[in-house]
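Single-structure report; data block below.
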Amino acid sequence: MRLTVIGTGYVGLVTGTCFAEMGNHVTCVDIDTDKIAMLEAGQVPIYEPGLEEILERNVEQNRLEFTSDISSARDGAVFFIAVGTPPGPDGAADLSAVDAVAAQIGNVLETDAIVVNKSTVPVGTAARVQAIIDERLETRGVDLKVDVVSNPEFLKEGAAVTDFLKPDRIIVGADSARAREVMEELYAPFNRNHQRTLFMGVRDAEMTKYTANAMLATKISFMNEIATLCEKLEVDVENVRVGIGSDQRIGYHFIYPGCGFGGSCFPKDVRALAHMAEESGIKPRVLRSVIDRNAEQKKVLGQKIARHFDGDLAGRTIAVWGLAFKPGTDDMRQAPSRVLLKQLIEAGARVRAYDPVAMEAARADFPKEWFEEEKLVLVDHQYAAVEGADALALVTEWKPFRHPDFEAIKRLMNSPVIFDGRNQYDPHQLAKQGFVYEGVGRGAYLVE
């Protein structure tokens, strides 16, 4: 098939590259000419394991191309809309980019086509896109058949390529037999082992995406609230987690307590779903609680550190391991590290931070004065971060942080204090090695 993917952000670039890998001819379109120039030069503007190799291979084999001119793809069979839908002040998804793309498609289309919403959009957006395209076609005096489909993405940052090529499920919302046939053919290579495609109505598919992310975010916030209670009751939440996870009805996924969730999806999508509920006259009590709990959870590490030093962080040096919102990505959007660093620096502390991948993003995101005044120093190795530090805070659970050399850490630090924002370390073992340790929902394990 000849496919056009509009938007070369995280979703669009992975989608276009992986469809090309399956033998389709894909044109990726973006209004950002600098990004297009990077991609044409073989440079991938995001960090995603495996993506660069696949992209380079398909560019070389002429299955994948990039352009800023959508009219060059006017004869495509399938158009994917994969642009951002950031939250507005009230949490509602901003659909201005989606609307603009729909208008562009209506302006250039020269043949019957399927238009696929890959962006995360509120219920009813497919009808909105359909109306915009139909209006533009009517204005041009062109009679073409266009079906709008919802095909939400379920890609985990850090595993997006694998998720796309080996999906758990493929959700397709299609209200016409023609659209369903085209999407069934397009996804046939992904269903050779067993049928993964679930067909449903367009509005059902739109709602499925939001509900999935909100459910996962709810599990995290619920467990974080339990962790807060465990601290008050002198209970180790990690034992509780294992105890409830062994129940197959609950399972172990997304019940890890920690210092909050971030990224471009969960925070945005929970707020958008809550807004949809309010617009429909429903009070989203659970969804609002998920948002509130997560906001509070991001403050937990900073509060623990301040409490340990009796509220006086002036002149203290705090080492921070991990800046990205999760391992496997350089994405710092809504990352817990942002809240922690702001707390520490505003309290007068100096921060020495390290992340295996997100250092360049951190230099671009954090205030310049933090670097100029040496309130924040980004170092080139995890052990360089702890040198001369009064405490270490683990924020992102990258693999190199899982089993570090604690003896070396103890020698390098001013004082052996660890605040574990992901409950990654064994508090009893660290206590034996002379560390003061505090996790999330585990109480404080002090040196005997």
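Here the sequence shown is numbered in the numbering used here, starting from 86 and rising by one per residue. Where a beta carbon is used, it is the ideal one built from N, C-alpha and C, also for glycine.
Query                                                                                                                                                                                 : Result
My understanding is that G92 touches A167, with C-beta atoms under 8 Å, so please give their C-beta distance in whole angstroms.                                                      : 4 Å
Considering only the beta carbon of each residue, do Y439 and A470 sit closer than 9 Å?                                                                                               : yes
Taking the alpha-carbon positions, what's the T247 to D450 distance?                                                                                                                  : 28 Å
Per DSSP, what are the beta-bridge partners of C113 in this structure?                                                                                                                : V90 and F151
Name, in chain order, the residues that DSSP records as bridge partners for N202.                                                                                                     : I166 and S235
Cα separation between V144 and G135?                                                                                                                                                  : 15 Å
Return the chain-ordered ranges of every alpha helix (DSSP H) run that is complete within the stretch 371-415 and spans a minimum of 4 residues.                                      : 385-393
Using 10 angstroms around the beta-carbon of A122, count the other beta-carbons present and answer buried if the total reaches 16, otherwise exposed.                                 : exposed
Using DSSP's beta-bridge definition, name the partner residues of R487.                                                                                                               : None, per the DSSP bridge assignment.
Determine the extent of the beta strand (DSSP E) in which V257 is found, giving its start and end residues.                                                                           : I255 to G258
I'd like the span of the alpha helix (DSSP H) that includes R334, first residue to last.                                                                                              : Here R334 belongs to no alpha helix (DSSP H), and DSSP marks it neither H nor E.
Please name the residue, chosen from I376, P237, I305 and T296, that lies closest to F284 on a Cα-to-Cα basis.                                                                        : P237
Taking the alpha-carbon positions, what's the Y468 to L497 distance?                                                                                                                  : 8 Å
Which value, in whole angstroms, describes the spacing of the CA atoms of E533 and P501?                                                                                              : Confidence is the limiting factor: at E533 the pLDDT is only 38, short of 50, which leaves the residue's position unreliable, though a coordinate-based value still follows. The straight-line gap from Cα to Cα measures roughly 13 Å.
Taking 9 Å as the cut-off, decide whether the C-beta atoms of P171 and A162 are in contact.                                                                                           : no
Taking a contact to mean a Cβ-Cβ separation below 9 Å, would you say S306 touches R378 in this structure?                                                                             : yes
Can you have a look at A262 and say buried or exposed, based on whether 16 or more other CB atoms are within 10 angstroms of its CB?                                                  : exposed
Could you tell me whether the stretch 210-224 touches the stretch 173-192, using the rule of 3 or more Cβ pairs below 8 Å?                                                            : yes
Just tell me which of F339, K389, K460 and V436 has its CA closest to the CA of K411.                                                                                                 : F339
Between the stretch 412-423 and the stretch 345-355, do three or more beta carbon pairs fall short of 8 Å?                                                                            : yes
Inspect the beta-carbon positions of E133 and A245 and report whether they are closer than 9 Å.                                                                                       : yes
Give every residue of the same chain whose Cβ lies closer than 6 Å to the Cβ of G101, excluding the five residues on either side of it in the sequence, and list them in chain order. : V90, V111 and C113
Reducing DSSP to helix, strand and coil, say where L461 ends up.                                                                                                                      : strand
Suppose you measure from the CA of M300 to the CA of P369; what does that come to, to the nearest Å?                                                                                  : 13 Å
Buried or exposed: which applies to E291, given that a residue is buried once 16 or more other Cβ atoms fall within 10 Å of its Cβ?                                                   : buried
Buried or exposed: where does L531 fall if 16 or more other Cβ atoms within 10 Å of its Cβ makes it buried?                                                                           : With a pLDDT of 43 at L531, under the threshold of 50, the modelled position of this residue cannot be trusted; read the value that follows with caution. Result: exposed.
For the 8 Å Cβ check, are there 3 or more pairs between the stretch 254-272 and the stretch 227-235?                                                                                  : yes
Just how far apart, CA to CA, sit L79 and Q388?                                                                                                                                       : The structure shown does not extend to residue 79, since the chain is modelled only from 86 through 533, so no value can be given for it.
Tell me the DSSP bridge mates of L283?                                                                                                                                                : I256
Just tell me which of V464, E457 and C350 has its CA closest to the CA of V442.                                                                                                       : V464
Would you report the Cα separation of E138 and A446, rounded to the nearest angstrom?                                                                                                 : 22 Å
With C-beta atoms as the reference, is F165 less than 9 Å away from K203?                                                                                                             : yes
Do E323 and R448 count as a contact pair if the criterion is CB distance below 9 Å?                                                                                                   : no
In angstroms with no decimal places, state the Cα-to-Cα distance between N298 and G243.                                                                                               : 17 Å
Looking at the secondary structure, which residues open and close the beta strand (DSSP E) in which R435 lies?                                                                        : R435 to Y439
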